[in-house]
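Each remark here refers to the structure printed beneath this line.
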Amino acid sequence: MLPGRRDGNERSKTDGNTLSFKPRIVDGTEAEKHEFPWVVVVQVYNPKLKKYKRICGASVIDEWWIMTAAHCVDYDTSFKIIAGEHELSAVEGNMSVKGGRVVKLEGDTLETTVMIQREWCGVRRVMDENR
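full-length UniProt numbering puts the first residue of the sequence shown at 1, with every later residue one more than the last.
Written out as structure tokens, the structure is:
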């Protein structure tokens, strides 16, 4: 989870059939592990693939609220929040929490910001442990 601008992916063939993606950071440096503990990942369930897929970043506001872009979650979509990860391609044993109540911010359109309400005490604990 690296704050800042990410610009595309480097693509390279590893064999005749596989295309691997290597994210790159543009105009910046990689964040130190746990440097930004309030940054979490939103994953949405893809029924065709039968698994959760990384889709967006979000910010922990407090024990009850996480804020993300409205296009990241749908009111009918199953999603989960992952906290404490640094490299998303490796499982670091941190926590994930499924679900929450999606609340559109007053005056915003669906293209802007939503808040996800749930008791995020576990997310907060991961943040505190990683400071």
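For glycine and all other residues, C-beta sits at the position ideal for the given N, C-alpha and C.
Exposed or buried, what is residue i when buried is set at 16 or more other beta-carbons lying within 10 Å of its beta-carbon?
i, result
"D7", "With a pLDDT of only 43 at D7, under 50, the local geometry of the prediction cannot be trusted, and no value is derived from it."
"I66", "buried"
"I82", "buried"
"T29", "exposed"
Can you grab the Cα-Cα spacing for the pair residue i / residue j, in whole Å?
i, j, result
"C72", "G57", "9 Å"
"T41", "G84", "Checking the displayed sequence, the identity of residue 41 turns out to be Val instead of Thr. Computed Cα separation, rounded: 9 Å."
So for residue i, helix, strand or coil by DSSP?
i, result
"A31", "coil"
Since residue i is in the beta strand (DSSP E), which residue starts that stretch and which ends it?
i, result
"C56", "51–60"
"W65", "65–69"
"V40", "39–46"
Can you give me the Cβ contacts of residue i inside the same chain, cut-off strictly under 6 Å, excluding the 5 residues immediately before and after it?
i, result
"residue 132", "Outside the modelled stretch of the chain, which goes from 1 to 131, sits residue 132, for which no answer is possible."
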